[in-house]
Amino acid sequence: MNSRPRAEAYCQTDPVFYDTGTRYSPDDTSVFDRTLSPAPPGWRRTERGVWVVHTPEGHAMPAQGWKIHVSGLPDTAQRVIDLCWDHCVAHCLPFKFLRSRGVVTTHSLKYAPRSASGKIVTVYPSDERQLREAAGALADLLHGIPGPYILTDLRWGDGPVYLRYGGFVDRYCAGPDGAPVPAVERPDGALVPDDRRPVFTVPDWVELPDFLAPHMAARRAAGTGDDFPYQVERALHFSNGGGVYVGRPSDGRSVVLKEARPHAGLDGRGRDAVTRLERERSALEKLAGIPGIPELYGHHRLWEHHFLAVQRMPGETLQTWVARHYPLTKADPAAEDLRSYAQRAGDVADRVSGLIDQVHARGLVFGDLHPSNVMVDDDDQVALVDFELTGPVAEAERLGMGDPGFSGSGRTGFAIDRYALAALRVWLLFPLTALAELDPGRTAAYADLVERRFGLASGSLDVARRTLAPDTDRVARVPVSLRRPPAVALDTPAPDWTAVRKSLATAILLSATPEREDRLFPGDVRQFPTGGRNLAHGTAGVLWALHTTGAGRYPEHEDWLVTAVRDDRTLPPGLFDGAHGIAYVLDRFDRREEALRLLDGPGAAVDAVSDLGLYGGLSGIGLNLLDFSARAGSDGHRRRALALAARLAEGVERSSAPRIGAGPGRGSRAGLLHGWSGVALYFLRLYGSTGDPAHLDLAVRAVHRDLDLCVPAEDGSLQVDGGFRTLPYLAVGSAGIALVAAELLEHRPDLRLTDALPRLLRAARPEFTLEPHLFAGRAGLLAVLSAVASRHPDTVPYVERHLARLHWHALSYEGQLAFPGEQLRRLSMDLATGNAGILLALSAALDGRRGFLPFLAP
Numbered sequence: 010m011n012s013r014p015r016a017e018a019y020c021q022t023d024p025v026f027y028d029t030g031t032r033y034s035p036d037d038t039s040v041f042d043r044t045l046s047p048a049p050p051g052w053r054r055t056e057r058g059v060w061v062v063h064t065p066e067g068h069a070m071p072a073q074g075w076k077i078h079v080s081g082l083p084d085t086a087q088r089v090i091d092l093c094w095d096h097c098v099a100h101c102l103p104f105k106f107l108r109s110r111g112v113v114t115t116h117s118l119k120y121a122p123r124s125a126s127g128k129i130v131t132v133y134p135s136d137e138r139q140l141r142e143a144a145g146a147l148a149d150l151l152h153g154i155p156g157p158y159i160l161t162d163l164r165w166g167d168g169p170v171y172l173r174y175g176g177f178v179d180r181y182c183a184g185p186d187g188a189p190v191p192a193v194e195r196p197d198g199a200l201v202p203d204d205r206r207p208v209f210t211v212p213d214w215v216e217l218p219d220f221l222a223p224h225m226a227a228r229r230a231a232g233t234g235d236d237f238p239y240q241v242e243r244a245l246h247f248s249n250g251g252g253v254y255v256g257r258p259s260d261g262r263s264v265v266l267k268e269a270r271p272h273a274g275l276d277g278r279g280r281d282a283v284t285r286l287e288r289e290r291s292a293l294e295k296l297a298g299i300p301g302i303p304e305l306y307g308h309h310r311l312w313e314h315h316f317l318a319v320q321r322m323p324g325e326t327l328q329t330w331v332a333r334h335y336p337l338t339k340a341d342p343a344a345e346d347l348r349s350y351a352q353r354a355g356d357v358a359d360r361v362s363g364l365i366d367q368v369h370a371r372g373l374v375f376g377d378l379h380p381s382n383v384m385v386d387d388d389d390q391v392a393l394v395d396f397e398l399t400g401p402v403a404e405a406e407r408l409g410m411g412d413p414g415f416s417g418s419g420r421t422g423f424a425i426d427r428y429a430l431a432a433l434r435v436w437l438l439f440p441l442t443a444l445a446e447l448d449p450g451r452t453a454a455y456a457d458l459v460e461r462r463f464g465l466a467s468g469s470l471d472v473a474r475r476t477l478a479p480d481t482d483r484v485a486r487v488p489v490s491l492r493r494p495p496a497v498a499l500d501t502p503a504p505d506w507t508a509v510r511k512s513l514a515t516a517i518l519l520s521a522t523p524e525r526e527d528r529l530f531p532g533d534v535r536q537f538p539t540g541g542r543n544l545a546h547g548t549a550g551v552l553w554a555l556h557t558t559g560a561g562r563y564p565e566h567e568d569w570l571v572t573a574v575r576d577d578r579t580l581p582p583g584l585f586d587g588a589h590g591i592a593y594v595l596d597r598f599d600r601r602e603e604a605l606r607l608l609d610g611p612g613a614a615v616d617a618v619s620d621l622g623l624y625g626g627l628s629g630i631g632l633n634l635l636d637f638s639a640r641a642g643s644d645g646h647r648r649r650a651l652a653l654a655a656r657l658a659e660g661v662e663r664s665s666a667p668r669i670g671a672g673p674g675r676g677s678r679a680g681l682l683h684g685w686s687g688v689a690l691y692f693l694r695l696y697g698s699t700g701d702p703a704h705l706d707l708a709v710r711a712v713h714r715d716l717d718l719c720v721p722a723e724d725g726s727l728q729v730d731g732g733f734r735t736l737p738y739l740a741v742g743s744a745g746i747a748l749v750a751a752e753l754l755e756h757r758p759d760l761r762l763t764d765a766l767p768r769l770l771r772a773a774r775p776e777f778t779l780e781p782h783l784f785a786g787r788a789g790l791l792a793v794l795s796a797v798a799s800r801h802p803d804t805v806p807y808v809e810r811h812l813a814r815l816h817w818h819a820l821s822y823e824g825q826l827a828f829p830g831e832q833l834r835r836l837s838m839d840l841a842t843g844n845a846g847i848l849l850a851l852s853a854a855l856d857g858r859r860g861f862l863p864f865l866a867p
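Shown next, in the form of structure tokens:
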């Protein structure tokens with residue numbers, strides 16, 4: 010299960026950068042009439058992100074209580090808003106509603122956040138009497154209007170009205186890791202997190218009103234599933250449309266259960282998950298008997314949700330198969346290894362093609378062919394899974410869903426699958442087809458590289474080239490800002506690195522949007538839930554990278570950052586995700602007063618931080634306090650830095666900490682930013698400040714803790730055990746461990762570190778990385794190898810090779826060099842995943858800059 014935000018919900022607004030639908034656009038024709046209406050007489054109108062809020066003048070809003078949510082669909086939203094508006098205005102009930110049909114659609118998609126799905130209107134009753142009257146009246150008014158079930162809430166009757174106890178006004182408290190989260194107040198006055206998980210809960214001190222008891226009883230009765238013939242063992246996947254589970258019937262065989270929620274998880278044509286599940290059921294019935302097609306066991310209904318029970322196919326997804334076997338992610342593969350893999354991959358592609366031919370022979374188009382929908386068993390035999398887009402050839406068209414790297418825009422019928430097969434054949438040898446969304450000709454162009462690198466006969470991929478070549482209509486739909494080739498060439502034996510760096514910085518500056526309040530520079534999808542201001546994904550990191558790599562200071566952008574954080578109560582205290590990192594940057598821009606406000610403002614929240622890591626935990630906070638005390642001569646900040654040492658030392662002693670080691674087979678977060686190596690870096694710098702060898706002892710032991718979470722790879726490297734894969738990267742992975750281990754060995758000999766370091770560095774050699782960026786891609790490996798090159802000259806050839814392979818991911822923005830962010834769906838300019846991080850890696854490689862991140866340089 011992946012906890013990072015899905016890119017899909019952030020790809021609907023802008024074809025170039027990840028974004029939300031929070032801003033008005035002049036060409037947005039989906040804005041509701043009521044959005045543009047003035048407030049009724051005696052009312053106040055405000056906007057909060059995608060919400061339009063109306064409050065009676067003089068109304069004293071309770072801080073918390075029972076709120077009403079009204080559900081709906083894009084087609085019904087205008088009617089829902091009109092009916093709720095009229096009722097709320099007539100009864101002086103504060104309310105808010107989503108501002109456009111486009112926003113409602115985005116919140117309804119398959120990979121939209123489940124906790125927000127379906128909510129179109131929110132009403133804020135003042136007390137339980139108003140709650141009962143308003144909920145009953147709205148239920149009558151809206152009866153028969155369809156909408157998805159709001160998973161966080163309790164349903165009133167069988168209509169689109171739902172209720173939940175929670176906060177009405179913005180209040181925050183420290184969450185489990187110290188980061189501010191929305192809060193509600195306990196009877197004793199303490200603020201505690203307002204639970205917004207996609208399941209109905211009531212705070213333990215809140216009594217359910219009597220008039221809600223029948224609705225609660227109905228919910229419990231509906232969810233018993235006494236006649237459901239399967240026991241759910243575990244979840245494989247969740248989406249807004251429903252879950253995918255492993256289940257077991259009474260006969261003991263293992264099955265896959267696919268769930269579909271009515272009116273939820275819409276595709277590009279507005280079809281919901283239930284409609285697609287019925288489509289899958291029909292397809293499996295028509296394809297019955299074909300080896301490699303799952304057998305359909307049954308169609309069941311539990312409460313309002315629909316389930317298909319299908320055969321659980323053996324093996325692993327093709328995505329996982331390639332991750333295990335792909336030779337270019339291994340250190341120094343032999344030419345024979347490449348030839349052998351290419352032959353094996355070609356055989357797998359042929360089997361997939363043969364299976365698709367059998368689907369076509371029955372008059373169907375599979376419609377969603379990509380690596381996660383292909384299973385490969387131990388004998389390299391293949392199977393297909395997920396048939397929700399499969400249908401008759403005469404009806405086959407793109408449904409606004411599917412993997413963009415395998416979706417041939419504008420194709421219909423069997424051509425949909427033929428395009429995906431061609432992309433799959435190239436992907437098996439060079440898994441970067443996702444970039445075709447930003448550069449439609451990219452996958453076809455990779456065919457040349459693949460033939461050369463894998464020793465294939467010239468022209469052997471000509472069929473794929475022709476199939477993948479974009480037509481003029483597709484090229485014409487590419488945003489103008491991406492069309493012009495960059496003025497600086499990376500794909501050359503001797504790039505002009507000065508010009509390359511200038512081009513990267515220029516692209517960053519061209520992307521700036523100082524008119525926005527939510528973010529200045531576009532970056533990863535994480536900048537939206539965490540704010541566009543921090544070191545990793547926000548303005549602070551970009552400005553620091555520009556400054557420290559020699560690309561200049563930009564006072565107007567610094568002013569934007571100061572203004573953005575001045576009254577922000579949502580900042581967590583951490584180094585890379587919050588206040589301490591922003592303070593670190595502002596102090597270096599001679600803005601000490603603002604830095605101090607941030608350093609001292611979140612101080613109380615540090616007590617609640619349980620994370621020990623460098624990214625958002627105690628190690629990063631401690632390093633920043635230690636650094637600031639030295640820069641400012643502040644004994645108070647030094648005392649706070651030293652006070653954290655005891656908590657960090659305790660973690661090292663007990664060898665346990667939240668979120669670092671997840672247990673055998675479940676993956677870990679070992680490494681520089683989230684693992685024990687960040688703790689080691691804190692003690693290493695504390696040793697430099699105090700001279701106390703006990704701190705050096707703790708640093709060594711902390712790195713040993715990270716080594717405990719590593720496993721040997723088949724290429725002789727040592728990598729972090731990520732569960733289903735091993736990780737060599739900077740943020741989480743062996744490269745970050747190597748960086749700290751190498752410096753520790755400059756201070757103290759240690760047999761275990763001496764033995765591990767060459768194998769950790771070996772993991773940073775691979776020629777191919779899925780992503781280009783600093784935290785979990787090529788740039789981070791390049792930076793680490795460059796930082797240790799003076800003492801480990803055997804890394805120099807691999808530094809040069811990483812530099813020579815940067816062009817594999819390079820794109821253009823306004824004629825300047827730009828790189829895609831995490832998940833490769835959109836460009837990014839931030840430090841963690843974008844141009845700013847690439848600049849920092851180049852400064853390490855070309856300038857020998859050891860401190861390419863804060864506190865890395867002694």
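Just remember that the numbering used here sits 9 ahead of the position in the sequence shown, which is counted from 1. Even for Gly, the Cβ is constructed at its ideal location relative to N, Cα and C.
* **Residue ranges of each beta strand (DSSP E) within the region 15 to 78, 3 or longer** => Taking only runs of at least 3 residues, the beta strand (DSSP E) segments lying wholly in the region 15 to 78 are 52 to 57 and 60 to 65.
* Which residues in the same chain have their Cβ closer than 6 Å to the Cβ of Ala16, if we skip the five residues on either side of it in sequence? -> Residues Val534, Gln832 and Arg834 of the same chain have their beta carbon placed closer than 6 Å to that of Ala16, with the five preceding and five following residues left out of the count.
* Could you check the C-alpha separation between Phe828 and Ala508 for me, to the nearest Å? => Distance between the alpha carbons of Phe828 and Ala508: 16 Å.
* To do: Tell me, to the nearest whole angstrom, how far the beta carbon of Ser664 is from that of Leu718; I am working on the premise that it is less than 8 Å.
  => The beta-carbon distance between Ser664 and Leu718, rounded to whole angstroms, is 10 Å. This is too long to meet the 8 Å contact definition.
* To do: Round the Cβ separation of Leu762 and Ala773 to the nearest angstrom and send it over; I've been treating them as touching at under 8 Å.
  => In fact, because the Cβ distance is near 16 Å, the residues do not count as touching under 8 Å.
* With which residues is Gly175 paired in a DSSP beta bridge? -> Gly175 is bridged by DSSP to Gly74.
* To do: Measuring alpha carbon to alpha carbon, tell me which of Val741, Gly184, Arg285 and Trp94 ends up nearest Pro581.
  => Comparing alpha-carbon positions, the option among Val741, Gly184, Arg285 and Trp94 lying closest to Pro581 turns out to be Gly184.
* Asked: Once you ignore the five residues that flank Asp715 on each side, which residues in its own chain have a CB closer than 6 Å to its CB?
  -> The residues are Ala679, Gly684, Trp685, Ser686 and Ile746.
* Asked: Alpha carbon to alpha carbon, what distance is there between Arg668 and Met10?
  -> With a pLDDT of 31 at Met10, under the threshold of 50, the predicted position of this residue should be treated as unreliable, though the coordinate-derived value follows. Taking the straight line joining both Cα atoms gives about 15 Å.
* To do: Give the straight-line distance between the Cα atoms of Phe104 and Thr210, rounded to the nearest whole angstrom.
  => C-alpha of Phe104 to C-alpha of Thr210: approximately 22 Å in a straight line.
* Please state whether DSSP places Leu217 in a helix, a strand or coil. => Of the three classes helix, strand and coil, the one that applies to Leu217 here is coil, per DSSP.
* Provide the residue(s) that pair with Cys719 in DSSP beta bridges, ordered along the chain. => The partner list for Cys719 (beta bridge, DSSP) reads Val729.
* With distances taken Cα to Cα, identify the nearest neighbour of Asp28 among Gly355, Tyr593, Phe530 and Ala560. => The option with the nearest alpha carbon to Asp28 is Phe530.
* Name the residue from Leu848, Asp260, Asp281 and Val459 whose alpha carbon lies nearest to the alpha carbon of Ala351. => Relative to the Cα of Ala351, the nearest Cα in the group Leu848, Asp260, Asp281 and Val459 belongs to Val459.
* Asked: Whose CA, out of Tyr19, Thr115 and Gln139, lies closest to the CA of Pro71?
  -> Checked all of Tyr19, Thr115 and Gln139; the closest Cα to Pro71 is Gln139.
* Asked: Out of curiosity, what's the CA-to-CA distance linking Pro673 and Asp730?
  -> In this predicted model, Pro673 has a pLDDT of only 47, less than 50, meaning its place in the structure is not dependable; the value taken from the coordinates is given anyway. Looking at the two C-alpha atoms, the distance is approximately 8 Å.
* Asked: Going by Cα to Cα distance, which pick from Pro218, Arg262 and His68 is closest to Arg141?
  -> Minimum Cα distance to Arg141 is reached at Pro218.
* To do: Would you identify the three-state DSSP class for Phe415, choosing helix, strand or coil?
  => Here Phe415 sits in helix by DSSP.
* To do: Say whether the region 451 to 458 touches the region 767 to 784, bearing in mind that this needs 3 or more beta-carbon pairs closer than 8 Å, one atom from each stretch.
  => The region 451 to 458, when compared against the region 767 to 784, does not touch it at the 8 Å Cβ threshold.
* Residues bridged to Glu2 [DSSP beta-bridge criterion] -> Because residue 2 is not part of the residues shown, which for the chain are 10 to 867, the question remains open.
* Asked: Beta-carbon of Ser726 versus every beta-carbon of chain B: anything under 8 Å?
  -> This model lacks chain B altogether; it includes just one protein chain.
* Looking at the structure shown, is Pro504 part of a helix, part of a strand, or coil, going by DSSP? -> DSSP, read as helix, strand or coil, puts Pro504 in coil.
* Straight-line gap, Ser726 to Gly629 (C-alpha atoms, nearest Å) -> C-alpha separation (whole angstroms): 28 Å.
* Asked: Which residues mark the beginning and the end of the alpha helix (DSSP H) in which Leu151 is found?
  -> Going by DSSP, Leu151 is part of no alpha helix (DSSP H) at all; its letter is neither H nor E.
* To do: Measure the C-alpha to C-alpha separation of Val688 and Leu623 and round it to an integer number of angstroms.
  => Distance from the CA of Val688 to the CA of Leu623, rounded to the nearest whole angstrom, comes to 7 Å.
* Close-in-space but distant-in-sequence residues of the same chain around Ser821 (CB under 8 Å, 5 per side omitted) -> So the qualifying residues of the chain are Leu491, Arg492, Arg493, Pro494, Pro495 and Ala827.
* **Close Cβ partners of Glu659 (< 7 Å) along its chain, the five nearest in sequence each way excluded** => Here the set comprises nothing.
* Quick one: grab the DSSP three-state call for His308. => His308 sits in a strand when the DSSP states are folded into three classes.
* Which partner residues does Ala240 have in the DSSP bridge list? -> According to the sequence displayed, residue 240 carries Gln and not Ala. In DSSP, Gln240 forms a bridge with Arg257.
* Using three-state DSSP, classify Glu662 as helix, strand or coil. => It is helical.
* Out of Arg270, Asp260 and Leu518, which has the shortest C-alpha to C-alpha gap to Val567? -> Checking the sequence shown, residue 567 turns out to be Glu, not Val. Glu567 has its Cα closest to that of Leu518, out of Arg270, Asp260 and Leu518.
* Helix, strand or coil: how does DSSP classify Glu831 here? -> Residue state, collapsed to three classes: coil.
* To do: Starting from Thr481, follow its DSSP beta bridges and name the residues at the other end.
  => Under DSSP, no beta-bridge partner is assigned to Thr481.
* To do: Could I get the ranges of all uninterrupted alpha helix (DSSP H) runs contained in the region 265 to 347, with 4 residues as the minimum, in chain order?
  => DSSP runs (the alpha helix (DSSP H)) wholly in the region 265 to 347: 282 to 295 and 327 to 334.
* Asked: Across which residues does DSSP place Phe247 in a beta bridge pair?
  -> Partner residues in the beta bridge of Phe247, as assigned by DSSP, are Gly252.
* Residue interval of the alpha helix (DSSP H) (run including Cys93) -> Run containing Cys93: Ala86 to Ala99, per the alpha helix (DSSP H) assignment.
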